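Asks:
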Amino acid sequence: MVSYQKFAKDVGFIGTVQALTSLGTFFLLPIITKTLGTYDYGLWAQINITVSLISPLALMGLSMGFVRFLSSETETRKIREAVYSILFFVTVTGLLASFLLYTFAEPLATLGFKDPEATYFVQAGSLLILLNVIESISLFYFRVFRQIEKFSYLTLFETLGKLLFILILLKMGYGLLGVIAATLFVQGSIFLISLLIIISQIGFVIPRFTYIKEYLQFSLPLTPNALIRWITESSDRYMVTYFLGLRSVGVYSAACSIGNLIQLFVSPLQLILLPELSKLFDENKMDEVRIYMSHSLRYFLLISIPAVFGLSALAKPLLGILTTEDFLSGWLVIPIIAFAGLLAGIFQIFVNTMFLIKRTKTTTYINIIAAVSNVLINLLLIPSVGIVGASLSTLFSYFLMAVLCMRLSLKHFKLDFYFNDIAKSILSSISMYFFVSHFVISSILELFEIAGMGVLIYLVVMFFVGGFSDYELSLIRRYLFRVKSEVKQ
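Numbered by the numbering used here, the letters in the sequence shown go through residues 8 to 496 in order.
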């Protein structure tokens, strides 16, 4: 069994790498928005949203089946058969899905994007579906078998590769087509590198699809979840396009990209948590499952609560510095989406219970309720209050998902909520908010400086109100001493 200290170390490592990954994405936003403008950025956002709808349908939930069934598997023969069965299967479904998007690109551009001239770009982006599904499965291999460093570095190289090649092709004047081409090239390269590593570890075999039926029985009920979750997370872009146009969806998408940075804090947990919980659950170590989930929830909230307050305080300068004046009208979307991201993170932690007990249909029902409410509220609010209405709809949907999933999960595992620590975190975050919000920020250097000071204010107030345990304080001191010694050198 991986100790909780090892688990926490892995989460910290992948969290650091994902912070660097987010930093790469952070710099990618101004490169694209300032080069393409609101209209073309809106078109790129719509292509991404469309790909994000179709890709999970092509996966048929098999990525979660991969995690659930192979996390505790040790027999190389069975692992090899399972990995290549799933990979070959999603390659075929990914090709079919890409072909369908290519075929129906013109009606989609005309009706969905309200721009027939977007057909060419939709067709170019159709291959993203195939690369998304095969890259996803190849990277899941490293996640399932706890090769966290390889997974993290591949993810980081992908982000930095996109940053580099998108910048090069945009400077060469290829515009939106250059963004699509760079994305295809980098994702294809990451898949090939991942595949070579997998072959070197377990060899290669033409699969017999021995276990694919069992995996599909588990994963197929999750496939509607992908569509339903897409409605909750992304269908608002289509509604914004319908009611307000592609320029507005460009503004909304840029603001959401910043607000969604909050997802950074749950991703490291979720990448490692479900495989570890699955292993403990299969070994009937229920007390340890409860401990892992309780600590994961606490650490997520202690980090994400100040992040929500910080993003709220810096919303206007973030948009002003990273984009152009045309995007500034979307600043109010950022704090709302950030809070929605916090609720989404809570849901992601509690939904693990449904996967452990194999009640995936329950998750589907929760997502249906959230999706229906999202569509209805969007139809009501977008025509009247614009993109802010779309963000409020997302917030309410995630609130429903978090509350319903928590209620069901707690029937099986009684978690510690650490309410005192959460209250102290909120108090410290409010102090940080008032400190940060009174600064006038005009450059990216000032932005990082003020953000750094905000983090320091949060840590100091948390220390004085007793928000950290002795072990956590020792980790903070160790990190600060390390940084201090590196600065001296």
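Note that beta-carbon positions come from the ideal geometry of N, C-alpha and C, so glycine has one too. The structure presented is a predicted model; accordingly, all values stated were derived computationally and were not measured.
#1: For residue 244, is the classification buried or exposed, using 16 other Cβ atoms within 10 angstroms of its Cβ as the cut-off for buried?
#2: Are the Cβ atoms of residue 281 and residue 299 separated by less than 8 Å?
#3: Measuring CB atoms only, is the stretch 345 to 352 touching the stretch 472 to 479, in the sense that at least three cross pairs come out at less than 8 Å?
#4: Output the boundary residues of the alpha helix (DSSP H) element that contains residue 385.
#5: Answer with buried or exposed for residue 293, where buried requires no fewer than 16 other C-beta atoms within 10 angstroms of its C-beta.
#6: Pick helix, strand or coil for residue 302, following the three-state DSSP scheme.
#7: Would you identify the three-state DSSP class for residue 494, choosing helix, strand or coil?
#8: Measuring CA to CA, which of 290, 330, 215 and 181 is closest to residue 260?
#9: Using DSSP with H/G/I as helix, E/B as strand and the rest coil, what is residue 443?
#10: Taking residue 88 as part of the alpha helix (DSSP H), name the residues at either end of that continuous run.
#11: Just to confirm my understanding: we take residue 425, look at its own chain, exclude 5 residues before and 5 after, and list those with CB closer than 6 Å. What are they?
#12: Pairs of beta-carbons, one from the stretch 320 to 327 and one from the stretch 437 to 449, closer than 8 Å: are there three or more?
#13: What is the DSSP secondary structure of residue 53, counted as helix, strand or coil?
#14: Please tell me whether residue 130 and residue 104 are closer than 8 Å, where the distance is taken between their beta carbons.
#15: To the nearest angstrom, how far is it from the Cα of residue 73 to the Cα of residue 166?
#16: Taking the alpha helix (DSSP H) that residue 214 falls in, what are its first and last residues?
#17: Can you round the beta-carbon distance between residue 48 and residue 61 to whole angstroms, since I take them to be within the 8 Å contact cut?
#18: Please confirm whether residue 257 and residue 439 have their CB atoms less than 8 Å apart.
#19: On a CA-only basis, which of 216, 459, 414 and 58 is nearest residue 314? Give me that one, please.
#20: Exposed or buried, what is residue 391 when buried is set at 16 or more other beta-carbons lying within 10 Å of its beta-carbon?
#21: Considering only the beta carbon of each residue, do residue 394 and residue 247 sit closer than 8 Å?
#22: Going along the chain, which residues of its own chain have a beta-carbon closer than 7 Å to the beta-carbon of residue 254, five neighbours each way excluded?
#23: Less than 8 Å between the C-beta atoms of residue 172 and residue 192, yes or no?
#24: Considering residue 469, what are the terminal residues of the alpha helix (DSSP H) in which it resides?
#25: Give me the residue from 427, 432 and 127 with the minimum Cα distance to residue 465.
#26: Near residue 86, what residues of its chain come up, given a Cβ to Cβ distance below 7 Å and the 5 sequence neighbours on each side ignored?
#27: Considering only the alpha carbon of each residue, which of 199, 385, 102 and 308 lies closest to residue 145?
#28: I'd like to check one pair, residue 92 with residue 214: are the Cβ atoms closer than 8 Å?
#29: Indicate the three-state DSSP secondary structure (helix, strand or coil) for residue 243 in the structure shown.
#30: Does the Cβ-Cβ distance between residue 230 and residue 377 come in under 8 Å?
#31: In whole angstroms, what separates the C-alpha of residue 381 from that of residue 418?
#32: What's the gap between the Cα of residue 150 and the Cα of residue 156?
#33: Under three-state DSSP, which class holds residue 286?
#34: If contacts are defined as beta-carbon pairs under 8 Å, then residue 42 and residue 184 qualify, I think. What distance do you get, rounded to the angstrom?
#35: Residue 160: buried (16+ other C-beta within 10 angstroms of its C-beta) or exposed?
#36: Provide the residue span of the alpha helix (DSSP H) that contains residue 344, from first to last.
Replies: Quick look at the numbers:
#1: buried
#2: Result no, Cβ atoms of residue 281 and residue 299 do not sit closer than 8 Å.
#3: Counting Cβ pairs under 8 Å, fewer than three are found: no touch.
#4: 367 to 392
#5: The residue in question, residue 293, is exposed, as its Cβ has fewer than 16 Cβ neighbours within 10 Å.
#6: helix
#7: Low confidence applies here, because residue 494 scores a pLDDT of 44, under 50, leaving its location unreliable and the question unanswered by this model.
#8: 330
#9: Here residue 443 sits in helix by DSSP.
#10: Where residue 88 is concerned, the enclosing alpha helix (DSSP H) stretches over 83 to 110.
#11: Once the five neighbours on either side are set aside, the close Cβ partners of residue 425 are 305.
#12: yes
#13: helix
#14: no
#15: 24 Å
#16: Segment: none, residue 214 is in no alpha helix (DSSP H) and carries neither H nor E.
#17: The pair is not a contact, with the Cβ atoms about 21 Å apart (cut-off 8 Å).
#18: no
#19: 459
#20: exposed
#21: yes
#22: Within the same chain, residue 254 has close Cβ partners 45, 46 and 49.
#23: yes
#24: 451 to 471
#25: Across the set 427, 432 and 127, the C-alpha of 432 shows the shortest separation from the C-alpha of residue 465.
#26: 77, 80 and 209
#27: 199
#28: Yes, the pair counts as a contact, with Cβ atoms nearer than the cut-off.
#29: helix
#30: no
#31: 27 Å
#32: 9 Å
#33: Three-state result, residue 286: helix.
#34: Going by Cβ atoms, the distance from residue 42 to residue 184 rounds to 12 Å, so no, they are not a contact pair.
#35: exposed
#36: 340 to 357
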